[in-house]
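Undergrad: Once you've had a glance at the structure underneath, I'll fire off some questions.
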Amino acid sequence: MLSLLIYGLIQSVILVLYAYGFSLVYGISGIANFAHGGIYILGGFMTWCFMNALGLPYFLSAIFSVILMGLLGFGLYWGLLLRIRGIVLSEVVVTFVAGIAILEILAWKGLYGFYYNLPVFVKGGISLGDVAIDYQRLFALGSGIALAGLLWAFVHHTRMGLSFRGIAQDERTALSLGIESDWVGALSLAIGSSLAAVAAILVLPLGVLEANIGYDVLIYAVTVAIVGGLESGFGMIAASLIIGFGQIAVARYIGSSWMIIVPLGAIVLILAIRPSGLFGSFKELEERI
Amino acid sequence: MADNGGSYRKERVDRGIKARSDSVYAIASFRDLSYLLLPRFLPLLVAFILPLIVGDYWGKVLVYAAVFGILALSWDFLASCGLFSLGQALFFGIGAYLAGAFNYYLHWPIYATIPAASVGGALLCTALLAPVMRLRGVYFAMITLVLPMLFSRLIVATKVIGGSHGITNLTPLGSRWFTIYFALLALFVCLFVFRRIMAQDYGLVLSAIRDDDRAVMSAAINIFWRKVQALFIASGVGCFAGALMCHNYQFVGPSAFALDYSLMPLAATALGGPGSFVGAVLGSAVLVPLSEALRAFGGLRIAFYCLILMACIIVLPEGIFHYMARKYHRFERMVKV
Amino acid sequence: MKKRFLLSALLLVAAGLAFSFPAQVLAGGKPIILGLPTAVNTDWGHDDINAVNLAVEEINAKGGVSVGGVKRPFKVQITDTRGMDPATPAHDALMAVEKLILQKDPHAIVVGFARSEIFMAGMDLIAKHKIPYLGSYATTHMFQKQFAKDPAKYKYLFRLSVDAIAAAKAVTDAIDTLKRQHGLQRVFFMPQDTLLSKGFNGVLKRHCENTGWQVVGWESIASDASDFSAVLTKVKESDAQMICTFWDVARGGTILLKQWSSMQVPALFVGFVVGANSPRGWEFMGEEIEYSIYTEAPIGSGIPLKKLPKTRKFVEKFIEKFGKPHGQWLTGAAYDSIYVLAQAIERAGCLDPDKVVAEVEKTDYDGVIGRIRFDDTHQVVYGTDPKESALCLAYQWQDGKQVPIYPPAVAEGKVRLPPWMKK
Numbered sequence: 153m154l155s156l157l158i159y160g161l162i163q164s165v166i167l168v169l170y171a172y173g174f175s176l177v178y179g180i181s182g183i184a185n186f187a188h189g190g191i192y193i194l195g196g197f198m199t200w201c202f203m204n205a206l207g208l209p210y211f212l213s214a215i216f217s218v219i220l221m222g223l224l225g226f227g228l229y230w231g232l233l234l235r236i237r238g239i240v241l242s243e244v245v246v247t248f249v250a251g252i253a254i255l256e257i258l259a260w261k262g263l264y265g266f267y268y269n270l271p272v273f274v275k276g277g278i279s280l281g282d283v284a285i286d287y288q289r290l291f292a293l294g295s296g297i298a299l300a301g302l303l304w305a306f307v308h309h310t311r312m313g314l315s316f317r318g319i320a321q322d323e324r325t326a327l328s329l330g331i332e333s334d335w336v337g338a339l340s341l342a343i344g345s346s347l348a349a350v351a352a353i354l355v356l357p358l359g360v361l362e363a364n365i366g367y368d369v370l371i372y373a374v375t376v377a378i379v380g381g382l383e384s385g386f387g388m389i390a391a392s393l394i395i396g397f398g399q400i401a402v403a404r405y406i407g408s409s410w411m412i413i414v415p416l417g418a419i420v421l422i423l424a425i426r427p428s429g430l431f432g433s434f435k436e437l438e439e440r441i
Numbered sequence: 196m197a198d199n200g201g202s203y204r205k206e207r208v209d210r211g212i213k214a215r216s217d218s219v220y221a222i223a224s225f226r227d228l229s230y231l232l233l234p235r236f237l238p239l240l241v242a243f244i245l246p247l248i249v250g251d252y253w254g255k256v257l258v259y260a261a262v263f264g265i266l267a268l269s270w271d272f273l274a275s276c277g278l279f280s281l282g283q284a285l286f287f288g289i290g291a292y293l294a295g296a297f298n299y300y301l302h303w304p305i306y307a308t309i310p311a312a313s314v315g316g317a318l319l320c321t322a323l324l325a326p327v328m329r330l331r332g333v334y335f336a337m338i339t340l341v342l343p344m345l346f347s348r349l350i351v352a353t354k355v356i357g358g359s360h361g362i363t364n365l366t367p368l369g370s371r372w373f374t375i376y377f378a379l380l381a382l383f384v385c386l387f388v389f390r391r392i393m394a395q396d397y398g399l400v401l402s403a404i405r406d407d408d409r410a411v412m413s414a415a416i417n418i419f420w421r422k423v424q425a426l427f428i429a430s431g432v433g434c435f436a437g438a439l440m441c442h443n444y445q446f447v448g449p450s451a452f453a454l455d456y457s458l459m460p461l462a463a464t465a466l467g468g469p470g471s472f473v474g475a476v477l478g479s480a481v482l483v484p485l486s487e488a489l490r491a492f493g494g495l496r497i498a499f500y501c502l503i504l505m506a507c508i509i510v511l512p513e514g515i516f517h518y519m520a521r522k523y524h525r526f527e528r529m530v531k532v
Numbered sequence: 556m557k558k559r560f561l562l563s564a565l566l567l568v569a570a571g572l573a574f575s576f577p578a579q580v581l582a583g584g585k586p587i588i589l590g591l592p593t594a595v596n597t598d599w600g601h602d603d604i605n606a607v608n609l610a611v612e613e614i615n616a617k618g619g620v621s622v623g624g625v626k627r628p629f630k631v632q633i634t635d636t637r638g639m640d641p642a643t644p645a646h647d648a649l650m651a652v653e654k655l656i657l658q659k660d661p662h663a664i665v666v667g668f669a670r671s672e673i674f675m676a677g678m679d680l681i682a683k684h685k686i687p688y689l690g691s692y693a694t695t696h697m698f699q700k701q702f703a704k705d706p707a708k709y710k711y712l713f714r715l716s717v718d719a720i721a722a723a724k725a726v727t728d729a730i731d732t733l734k735r736q737h738g739l740q741r742v743f744f745m746p747q748d749t750l751l752s753k754g755f756n757g758v759l760k761r762h763c764e765n766t767g768w769q770v771v772g773w774e775s776i777a778s779d780a781s782d783f784s785a786v787l788t789k790v791k792e793s794d795a796q797m798i799c800t801f802w803d804v805a806r807g808g809t810i811l812l813k814q815w816s817s818m819q820v821p822a823l824f825v826g827f828v829v830g831a832n833s834p835r836g837w838e839f840m841g842e843e844i845e846y847s848i849y850t851e852a853p854i855g856s857g858i859p860l861k862k863l864p865k866t867r868k869f870v871e872k873f874i875e876k877f878g879k880p881h882g883q884w885l886t887g888a889a890y891d892s893i894y895v896l897a898q899a900i901e902r903a904g905c906l907d908p909d910k911v912v913a914e915v916e917k918t919d920y921d922g923v924i925g926r927i928r929f930d931d932t933h934q935v936v937y938g939t940d941p942k943e944s945a946l947c948l949a950y951q952w953q954d955g956k957q958v959p960i961y962p963p964a965v966a967e968g969k970v971r972l973p974p975w976m977k978k
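Heads up: the sequence lines are chains A, B and C, in that order. 153 is the number of the first residue of the first sequence in this note's numbering; add one for each residue after it. 196 is the number of the first residue of the second sequence in this note's numbering; add one for each residue after it. 556 is the number of the first residue of the third sequence in this note's numbering; add one for each residue after it.
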């Protein structure tokens, strides 16, 4: 029972980390950044490169790759999305395709198999009763929670965060108040990409660095965002808790092959019952017909 | 605009022959008639002759191109209705699996499995996606993106219909000639039917929904029902493509939900020109042989489609077909301001 | 400036082309074309290509293969099937092979298909084109079943790699030792959800049941699983002392080992976990793999066996030239397949597929993997005596090295129990 609780919590936090960059970007700037999976893996890969090819210490590599991914996000907006801003569906396609291009190029270069590994921060672990947890997972857990808190404070209490929300609520009004939507959009994409890189650094040491993981990250991010409601922070956390615990419970009591059924089932159910998500407030999206 | 002597602007003027052949008097002149008919008949002629002259291997590529063309047509039809699907692979995979299951477990011949898979698949996909019809914007794209990936993992996890191994040894489509000509025929029939639909009032309502759905709502038309119908038609066609491919390769596995099948129709249509169904066919006819020729690059092909897609969306949004049509119908000249 | 740049670029390209022109072609005699379809961008693809190239170079250095009196060199044509990528549509891989056959006109195909689903579909393709196929890759035992359905049609296909059953038998002795000498009793089976893995584990399970082990669990896990915490919790709770598995997907294998270590599950790994089961396993995984027992099937892939000089020389040569192979499998088989083919062609005296195939059937060659003879389902016979048959072995990681422990003909050490093992 304790193990179910602990591992469920860890899985949920991992899902939150995956979904964060994606939800944040969508909630703030209305851009669904489908390159999220690609940027996640690229962030991890950059860290690996800095560490192994340039020999930098772990901490420094992590910081550099987070900054680099932020710059990439910014560049993605300014270079590609700026020209098609407003055509929502083109934005989706372009980001989706950019993510796939990144992943496929990495896979072609050989990001495959088990050589590429990010080391854990601290080896070893603790034991809570019968359950052993390693420090890396605890660190991910703590960081996930801390990050959630930080971002909430940022979005609700700093000027920049408030201007982000302004753009999300009503772009024209925000423009008339002097908040430049392009700049804000680019910044939000930059922050989302940095978050993806942070998630990569926290979660990848638990497994292996492979290009195909990017697709899974994207699926989970989209699932959590849809189930929770695209622009709601609470919704994202609630959804990841539901899906995370659901997956661990299913793995424990039914069989680990069925873990993937949980996100699928969640999406189907949400669409049937409450299409805009559990805490989604885009009510004007539904029942328009 | 500056008023000085060196300022020019580009002017596009319809060609004389287009102006003449736009009216009913076209049938009076053989020249006008051929101006209109040649671009329509030439590809048909080429498509008819090509299988006769290419070898075995490129014959298979032709079938492949035709199937992808059908998938791209289905995408274009959805796009004409305002529904952008990022998951053609869903239709493709469901069609392929249904056809394979009917053939393998119930031993139906291909005359039964292909129609059954098309209609059954259409029903299934519509049921799956109907709730999303009520939402606007990016939701449809997101759902269609995620569903094929989830379905393939579902099949592997539950081990139904062959699990990760898939089912082999299904009934083939018949002789090589039959396969190629059937696929090409299906492609052109779909093309023709879709173009006719969009030219009728029914299609007019669909494109109005794409342009401004509130306006259509205010005309007391049930746009939810219309969108569902459009989805039914498009997914039926997509499932047909999947069923065709399944019998062509006598095999179906979780790879039927691969990302390739979602990306390629998108890239083909973006390249060829969205909105006009011919663009979808044109794009497939260009991209599929190209990707076969680039086989040496392995996984980089997908990155290549992605780059083409990005370039087309950003730089050439009208696509090749519209560009060609524009050149064919109009000429440009610089005119002094 | 621009012109000079262009000129030097052209010269460089021309030079590059000239140097890449294969020397074998200039050696006289039309080359014998070997088609090599494989997943080029994977470790085993790389290793197998290297092994084949090594054999081809050695043979060509002696002038080539004597075909009816004329010496002709081998030439390898590689094509990338992307076969191991789970997202690749299967027909994509088949098309790649068909393109290779139709355009390069190979006289034989080596290494061959990877994924079982592609292999099964590919068997028909090869039989249709009547090309001798010496597969050293796929390990599914469906091959023999399919072959038996129509031997005359499938006679062109041969397999040098081993299937799951033979590989499992190599491990059973280690399991026996663990019980007899160290008194372990409880075993948990964790197969991957593939035919191969379940076959492998099935053999081990029957053996364990017959020798008095207590089977405390059997849980089959999906190949693309990325979280094993639930299963490992069950292992801990059932107090298992040994975990039997066969895991060949890199991602899952790494995560499994990492979670096993971080959850501190006191059970020994036996079987096959990719990544740990590699000459580079220590580099990749670290000291967590110490004491686990894996199989090398067939031999000649990474462990230089002291008791078999031919195998040892091949492995040492390979390591010297290409570095340690990344995978632990099939390089030896790929290398041997070229020699088997060369000898069959020489005996047949021509390149006619039917005659070559008839000669391959009569092969009795002392190769890197042991003594190579084919049974009537065109599968190499595996056993425990390298003088009689080809060989699989079981080894244990001890002090950062792979120490073979079974069969006795190649053993260099004994099974050791880790200190953290509860009795």
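Ideal placement from N, C-alpha and C gives every residue a C-beta, glycine not left out.
#1: Around the Cβ of residue 890 of chain C, are there at least 16 other Cβ atoms within 10 angstroms (buried) or fewer (exposed)?
#2: Report the residues of the region 445-459 of chain B with a CB closer than 8 angstroms to any CB of chain C, ordered along the chain.
#3: State yes or no: is the beta carbon of residue 515 of chain B nearer than 9 angstroms to at least one beta carbon in chain A?
#4: Does the distance from the C-beta atom of residue 976 of chain C to that of residue 739 of chain C stay below 9 angstroms?
#5: For residue 353 of chain A, collect the residues of the same chain with a Cβ closer than 8 angstroms to its Cβ; drop the 5 residues on either side in sequence, then sort them by chain order.
#6: Looking only at C-alpha atoms, which of B:487, B:478, B:414 and B:312 sits nearest to residue 431 of chain B?
#7: Taking the straight line between their C-alpha atoms, what separation do you get for residue 769 of chain C and residue 724 of chain C?
#8: Leaving out the 5 sequence neighbours to the left and right, which residues in its chain are closer than 6 angstroms to residue 427 of chain B when beta-carbon positions are compared?
#9: Output, in chain order, the set of chain C residues within a Cβ distance shorter than 7 angstroms of residue 249 of chain A.
#10: So, does the CB of residue 437 of chain A fall closer than 9 angstroms to a CB anywhere in chain B?
#11: So which residues on chain B does residue 235 of chain A lean against when the C-beta distance must stay under 8 angstroms?
#12: Here's the rule I'm using: 16 or more other beta-carbon atoms within 10 Å means buried, otherwise exposed. How should residue 357 of chain A be labelled?
#13: For chain B, find out if any of its Cβ atoms is closer than 9 angstroms to the Cβ of residue 191 of chain A; answer yes or no.
#14: I'd like to know whether the C-beta of residue 226 of chain B is nearer than 9 angstroms to at least one C-beta of chain A.
#15: For residue 368 of chain B, is the classification buried or exposed, using 16 other Cβ atoms within 10 angstroms of its Cβ as the cut-off for buried?
#16: Secondary structure at residue 846 of chain C, three-state DSSP: helix, strand or coil?
#17: Would DSSP call residue 595 of chain C helix, strand or coil?
#18: What is the DSSP secondary structure of residue 944 of chain C, counted as helix, strand or coil?
#19: Under three-state DSSP, which class holds residue 239 of chain A?
#20: Note down the Cα distance separating residue 184 of chain A from residue 235 of chain B, rounded to an integer number of angstroms.
#21: Using C-beta distances below 8 angstroms, list every residue in its chain close to residue 414 of chain A, excluding the 5 sequence neighbours before and after it, in chain order.
#22: Which first and last residues belong to the alpha helix (DSSP H) in which residue 431 of chain B is found?
#23: Quick one: what's got a C-beta closer than 7 angstroms to residue 972 of chain C's C-beta in the same chain, skipping five residues either side?
#24: Which of helix, strand or coil does DSSP assign to residue 333 of chain B?
#25: Does the CB of residue 442 of chain B have a neighbour CB from chain C at under 9 angstroms?
#26: What residues in the region 354-365 of chain A bring their beta carbon closer than 9 angstroms to a beta carbon of chain C?
#27: Under the three-state reduction of DSSP, which class applies to residue 157 of chain B: helix, strand or coil?
#28: By DSSP, does residue 797 of chain C sit in helix, in strand, or in coil?
#29: To the nearest angstrom, report how far apart residue 261 of chain A and residue 211 of chain B are at their CA atoms.
#30: Tell me which same chain residues have a C-beta within less than 6 angstroms of the C-beta of residue 390 of chain B, skipping the five on either side of it?
#31: Mind checking if residue 960 of chain C is an interface residue toward chain B, Cβ cutoff 9 angstroms exclusive?
#32: Going by C-alpha distance, which of A:172, A:204, A:179 and A:180 is nearest residue 189 of chain A?
TA: Answer, in terms of the structure:
#1: buried
#2: 445, 446, 448, 449, 450, 451, 453, 454, 455 and 456
#3: no
#4: yes
#5: 195, 196, 199, 214, 217, 218 and 270
#6: B:312
#7: 19 angstroms
#8: 317 and 321
#9: What residue 249 of chain A touches in chain C: nothing, since even the nearest Cβ is about 16 angstroms away.
#10: Here the model assigns residue 437 of chain A a pLDDT of 47, short of 50, so the residue's position is not dependable and the matter cannot be decided.
#11: 509
#12: buried
#13: no
#14: no
#15: buried
#16: coil
#17: coil
#18: coil
#19: coil
#20: 40 angstroms
#21: 395, 398, 399 and 402
#22: 418-444
#23: 737
#24: coil
#25: no
#26: 357, 358, 359, 360, 362, 364 and 365
#27: Not covered by the structure: residue 157 of chain B. The range shown for chain B is 196 to 532.
#28: strand
#29: 54 angstroms
#30: 472
#31: no
#32: A:172
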